[in-house]
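Participant:
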Amino acid sequence: MNIHKSRSGSRSRSELAPRDVNGRMPASLVLQLQVLIVLSVLLGGGGSAYGLRNLVIQLVALAILAINAGRVVEFVAKAPRALTLLVFASMALPLLQAVPLPPGIWQAFPGRDPAVQSFSIAGQGADTWFSHSVNPMRTLVAFSGTLAPAALIMMGFSLDQRGKVILAWTVIGGAFAAFLLGTLQLSTGNTSFLLFDERSTPDVLFATFANRNSTGLFFVLALCILSGLPFSRNKAVIGAAAIAGVLLVIGVILTQSRSSITLLVIPAGLGALRGWFAFRGRSIQQSRAKPALWLGLGLTAVIVGAVAFSTVTGGRAADSFSRFATTMETDRPEMWEDGLYAASEYWPAGSGMGSFDDVFQMHESLEYVSPRRAGRAHNDYIELAIESGIVGLVLAGLWLLWCAVSALSFGRVTGAYWQLSAGGGVAAIALQSLLDYPLRNQTLLLVAAVLVVLLIRPGRAKR
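In our numbering, the protein residues as written are -18 to 444.
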């Protein structure tokens, strides 16, 4: 009896989360995460303007957390400490910004004079409590946007290789399905099958997004993930991967997104590096790698030839590449200039996550005002500086540092190449953030969370 009690009492906290008879994650958990990813691809590409669709994704994420509450405890107990702190700090930042504060505190933050004057005009006294954020409702929406990626990271951090490969293929499959939907849209001149009621161009592939740059980046991220997956002995899998890769490259070009087309150099470089490792290294996977690599080289030549032919004959590829000639014909530099000024007005505390549209209009220069409304800064670092000040920028820098260290600390071990490829995906997100706002929709947030899961090194799930 005493021995039985001793064994029962000595259970580690990791045993709170059940595994199957082989010690692997149960298939049900992987299936739940797949459902979350698929839902995000179908519903999450429209940004904050489509709150009800995002709400569906967030409710599913909360349900997954509730069903697997023991795994949340396991994540806190066993995940790398830096990752744990980054996840909870990212969730806490908007939540703390929405907490009501005494007037002596919130009025002391830079840039709060317009809010004080608004309360005065409304007849409210100087003793009104208010949040750090100038728009707490939008800040709470920003907090809700962190729920789904946080859930995926918490549930996925301890997945074995098989589980991670399944999640990776789910992203690739979602991108392939989005490409097929995009071809249907293009066949109708973007008059049918669109998922979002946005201004659309008849010859641009939007797929499951409202923004061509997000569509292109999604395909680039899927290509990065594809370049790092373990080589398969199954010829059907090799062929499917090659076809998916070819079509996703074509999909990026059809989006006519200049940033995404440029970012194709990242998966191309990752694929070339992977091939060099396979041919020059002594990996146990070398023999199975060569057929896939020869097929990849052949298909690369086909892609290059097809794109070159389309460009020369004035096809859709020509339309895509012609946009590079108008790279400087943009109002982004004016937005950035006004955005930096707005950031200085609220520095170092920020105006609150999600509040860019509320504060930017007050600081927009009259000479830069146009009929179009600048709903975003088109530089996520500037927008982050406006909304969260120094804290948000430091947090973003720490995320990038963690991803870089995890990606570059690879060796000849299982999962090493997909860590490097996942790091390439994070680099693609970071680079497009200089010109756009990729992580302002739920789909790309979920894909970024998958990249984080892939970056957790084998043997490092425990502290």
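For glycine and all other residues, C-beta sits at the position ideal for the given N, C-alpha and C. Note that the structure is predicted; figures quoted are calculated from it, not measured.
Thinking C-beta only, is L17 closer than 8 Å to V454?
Facilitator: The structure shown has nothing for residue 454, since the chain only spans -18 to 444.
Participant: Considering only their Cβ atoms, is the gap separating E368 from G405 smaller than 8 Å?
Facilitator: Reading the sequence shown from its first residue, position 424 is the one you call residue 405. Reading the sequence shown from its first residue, position 387 is the one you call residue 368. Going by C-beta atoms, G405 is not nearer than 8 Å to E368.
Participant: Just to confirm before moving on: does the CB-CB distance between A403 and I134 stay below 8 Å?
Facilitator: One-based indexing of the sequence shown puts residue 403 at position 422. One-based indexing of the sequence shown puts residue 134 at position 153. Taking 8 Å as the Cβ cut-off, A403 and I134 do not qualify as a contacting pair.
Participant: L449 to V185, Cα distance in whole Å?
Facilitator: Summary: the structure shown does not reach residue 449, with the chain confined to residues -18 through 444, and so no result is reported for it.
Participant: By Cβ distance, which residues of its chain are closer than 6 Å to T170, with the 5 residues on each side in sequence left out?
Facilitator: Mapped onto the sequence shown, residue 170 falls at position 189. Inspection of the sequence shows that residue 170 is occupied by Gly rather than by Thr. Apart from the 5 residues on each side of it in sequence, G170 sits with its Cβ closer than 6 Å to the Cβ of P183 in its chain, given in chain order.
Participant: Within the chosen definition, does the segment 137 to 152 reach the segment 116 to 127 through at least 3 CB pairs nearer than 8 Å?
Facilitator: Segments in contact, no.
Participant: Quick one: what's got a C-beta closer than 8 Å to S457's C-beta in the same chain, skipping five residues either side?
Facilitator: The requested residue 457 is not part of the displayed model; the chain covers only -18 to 444.
Participant: Assuming the contact rule is C-beta atoms closer than 8 Å, G320 and E348 should be a hit. Round their C-beta distance to whole Å, please.
Facilitator: On the sequence shown, residue 320 is found 339 positions in, with the first residue counted as 1. On the sequence shown, residue 348 is found 367 positions in, with the first residue counted as 1. The Cβ separation is near 15 Å, so there is no contact.
Participant: By DSSP, does L497 sit in helix, in strand, or in coil?
Facilitator: The requested residue 497 is not part of the displayed model; the chain covers only -18 to 444.
Participant: DSSP state of F212, grouped into three classes?
Facilitator: Reading the sequence shown from its first residue, position 231 is the one you call residue 212. Reduced to three states, the DSSP call for F212 is coil.
Participant: Does the contact criterion of 3 or more C-beta pairs under 8 Å hold for the segment 415 to 423 versus the segment 353 to 361?
Facilitator: Flag = yes, the segment 415 to 423 and the segment 353 to 361 touch.
Participant: Is the beta carbon of A191 sitting closer than 8 Å to the one on G163?
Facilitator: Within the sequence shown, residue 191 is the residue found at index 210, counting from 1. Within the sequence shown, residue 163 is the residue found at index 182, counting from 1. For A191 and G163, no; Cβs fall outside 8 Å.
Participant: Just tell me which of E318, D339, G209, V433 has its CA closest to the CA of M118.
Facilitator: In the sequence shown, residue 118 corresponds to position 137, counting from 1. The residue with the shortest Cα to Cα distance from M118 is D339.
Participant: Does the beta carbon of L121 fall short of 7 Å from some heavy atom of the ligand HEM?
Facilitator: Because no ligand of any kind appears in the structure shown, any question about the ligand HEM cannot be addressed here.
Participant: Less than 8 Å between the C-beta atoms of S114 and A89, yes or no?
Facilitator: Numbered from its first residue, the sequence shown carries residue 114 at position 133. Numbered from its first residue, the sequence shown carries residue 89 at position 108. It is not a contact, given that the beta carbons lie outside the stated cut-off.
Participant: Is it true that the CB of L426 sits closer than 8 Å to the CB of P75?
Facilitator: Reading the sequence shown from its first residue, position 94 is the one you call residue 75. Reading the sequence shown from its first residue, position 445 is the one you call residue 426. Here P75 is not near L426, since their CB atoms are 8 Å or more apart.
Participant: Please look up how many angstroms separate the CB atoms of G92 and S332, rounded, as I've assumed it's under 8 Å.
Facilitator: Against the sequence shown, residue 92 aligns to sequence position 111. Against the sequence shown, residue 332 aligns to sequence position 351. With a Cβ gap of about 6 Å, G92 and S332 count as contacting.
Participant: List the whole-angstrom C-beta distance separating L389 from V407, where the pair is believed to meet the contact cut-off of C-beta under 8 Å.
Facilitator: Taking the first residue of the sequence shown as 1, we reach residue 389 at position 408. Taking the first residue of the sequence shown as 1, we reach residue 407 at position 426. With 8 Å as the limit, L389 and V407 do not qualify as a contact, their Cβ atoms being about 11 Å apart.
Participant: Among all the DSSP beta bridges, which residues are the ones paired with F124?
Facilitator: Taking the sequence shown and counting its residues from 1, the one referred to as residue 124 is at position 143. Beta-bridge pairing links F124 to no other residue.
Participant: Would you check if the distance between the CB atom of Y398 and the CB atom of G250 is smaller than 8 Å?
Facilitator: For the purposes of this step, residue 398 is taken as the residue at position 417 of the sequence shown. For the purposes of this step, residue 250 is taken as the residue at position 269 of the sequence shown. Not a contact, by the Cβ cut-off of 8 Å.
Participant: By a C-beta neighbour count over all protein chains shown, 10 Å radius and 16 as the cutoff for buried, is V246 buried or exposed?
Facilitator: Taking the first residue of the sequence shown as position 1, residue 246 is located at position 265. It is exposed - the Cβ of V246 has fewer than 16 other Cβ atoms within 10 Å.
Participant: Any idea what DSSP makes of F187, helix, strand or coil?
Facilitator: If you number the sequence shown from 1, residue 187 lands on position 206. If DSSP states are grouped into helix, strand and coil, F187 belongs with coil.
Participant: Could you give the first and the last residue of the continuous alpha helix (DSSP H) run that contains F90?
Facilitator: Your numbering for residue 90 matches position 109 in the sequence shown. No residue range can be given for F90, since it is assigned to no alpha helix (DSSP H) and is classified by DSSP as neither H nor E.
Participant: Measuring straight from C-alpha to C-alpha, what distance separates S139 and L175?
Facilitator: Taking the sequence shown and counting its residues from 1, one reaches residue 139 at position 158. Taking the sequence shown and counting its residues from 1, one reaches residue 175 at position 194. Distance between the alpha carbons of S139 and L175: 37 Å.
Participant: Just tell me which of Q400, T424, V434 has its CA closest to the CA of L23.
Facilitator: Taking the first residue of the sequence shown as 1, we reach residue 23 at position 42. Distances from the alpha-carbon of L23 to those of Q400, T424, V434 put T424 closest.
Participant: Could you tell me the distance, in whole angstroms, from the CA atom of S21 to the CA atom of G106?
Facilitator: Position 40 of the sequence shown, counted from the first residue, corresponds to residue 21. Position 125 of the sequence shown, counted from the first residue, corresponds to residue 106. Distance between the alpha carbons of S21 and G106: 44 Å.
Participant: Can you have a look at L64 and say buried or exposed, based on whether 16 or more other CB atoms are within 10 angstroms of its CB?
Facilitator: As a position in the sequence shown, residue 64 is number 83, starting the count at 1. The residue in question, L64, is buried, as its Cβ has 16 or more Cβ neighbours within 10 Å.
Participant: Ordered along the chain, which non-local residues of its own chain (more than five positions away) have a Cβ less than 6 Å from that of Y322?
Facilitator: Sequence index remark: in the sequence shown, residue 322 carries index 341 (1-based). Hits under 6 Å: H344.
Participant: Give the straight-line distance between the Cα atoms of A70 and P81, rounded to the nearest whole angstrom.
Facilitator: By one-based count along the sequence shown, residue 70 stands at place 89. By one-based count along the sequence shown, residue 81 stands at place 100. About 19 Å.
Participant: Select from Q13, N35, G32 the residue whose C-alpha is nearest the C-alpha of A47.
Facilitator: Translated into positions along the sequence shown, residue 47 becomes position 66. Residue Q13 is the option with its Cα nearest to A47.
Participant: Are the CB atoms of L380 and L67 nearer to each other than 8 Å?
Facilitator: For this step, residue 380 is matched to residue 399 along the sequence shown. For this step, residue 67 is matched to residue 86 along the sequence shown. In the sequence as displayed, the identity of residue 380 is Trp instead of Leu. A distance below 8 Å separates the beta carbons of W380 and L67.
Participant: Per DSSP, F177 forms a beta bridge with which residues?
Facilitator: Within the sequence shown, the letter at position 196 stands for residue 177. None; F177 has no bridge partner.
Participant: Tell me the start and end of each unbroken alpha helix (DSSP H) in the segment 357 to 418 that is at least 4 residues and wholly inside, in chain order.
Facilitator: 361 to 389, 397 to 413
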